[in-house]
Amino acid sequence: MTDDSRKRSTSPEMVSFADRLAASQKFQALFQEGMGLVEETATYLDGEGRSQSKRLPRPASLAYATESMRLTTRLMQLASWLLLQRAVNEGEMTVEQAGSEKNKVRLDKLSSATGGSAWNDLPEHLQDLIHRSIRLQERIRHLDAMLYPKPDDTAEAVENTMENPVASQLNQLYAAFGRAG
């Protein structure tokens, strides 16, 4: 993979911190966390969670079914995004290809009802998995916004860099001397 295939910045002098992050050990840790959460959730829902759900009162049982579907949907979307980004990092896809495929992945509108009496009756392990998946979703959405900015966001980022001479100078230093951090 060449450096050119990873560039997403708006000018040749600028170094995208998001690109560096996406190709870093921190991304690998995020990837492992995400895939680990998928595996842990599947194990829970197929085992302990299934037996716990059978013992729940009717309203909590309905909430369990709803929230477990939301959780698995959220995790499948997050896993899809992580796999796309890993494919870009490994040179299997271009940024443009991933951007096109990424449009099929829904990182927003994957909410959960984390309150109310039915929520309080859900098993703690399920609640924990849901909270962790929501935190992971927030982190991935943030990274996604940096990696694949909307056209309006790109113009705003360039404008902000132009207004911030320190950021401009830092970008030039990183471009001249290589990797950040």
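Numbered as in full-length UniProt numbering, the sequence shown ends at 181 without a single skipped number. We put the beta carbon where it would ideally sit given N, CA and C, even for glycine.
Asked                                                                                                                                                 : Found
Compute the Euclidean distance between the alpha carbons of Leu83 and Phe27, then round it to the nearest angstrom.                                   : 11 Å
Mind checking which residues open and close the alpha helix (DSSP H) that includes Ser61?                                                             : Arg58 to Asn89
Taking C-beta to C-beta, are Met146 and Ala79 nearer than 8 Å?                                                                                        : no
Just verifying my parser: in three-state terms, what is the DSSP assignment at Val105?                                                                : coil
Considering only residues of the same chain and omitting the five flanking positions on each side of Tyr148, which have a CB-CB separation below 7 Å? : Gly99 and Lys102
Quick check on Glu39: does DSSP put it in helix, strand or coil?                                                                                      : helix
Can you tell me where the alpha helix (DSSP H) holding Leu122 begins and where it ends?                                                               : Leu122 -> no alpha helix (DSSP H), and no H or E assigned at all.
Please confirm whether Gln137 and Arg74 have their CB atoms less than 8 Å apart.                                                                      : yes
Do Ser133 and residue 184 come within 8 Å of each other at the CB atom, strictly closer than that value?                                              : Look at the range of the chain in this structure, 1 to 181, and you will see that residue 184 is not part of it.
Helix, strand or coil, according to DSSP, for Ser24 in the structure here?                                                                            : coil
Using a threshold of 8 Å, state whether the C-beta atoms of Ala60 and Leu122 are closer than that.                                                    : yes
Would the beta-carbon of Ile140 fall within 8 Å of that of Leu107?                                                                                    : yes
Give a yes or no on whether the C-beta atoms belonging to His125 and Gly47 are separated by under 8 Å.                                                : no
Pop quiz: Val95 and Val88 are said to be a contact at Cβ under 8 Å. What is the actual Cβ separation, rounded to whole angstroms?                     : 6 Å
Quick one: what's got a C-beta closer than 7 Å to Arg86's C-beta in the same chain, skipping five residues either side?                               : Phe31
Taking the alpha helix (DSSP H) that Gly49 belongs to, which residues open and close that run?                                                        : Glu48 to Lys54
Look up Ala113 in the DSSP assignment and say whether it is helix, strand or coil.                                                                    : coil
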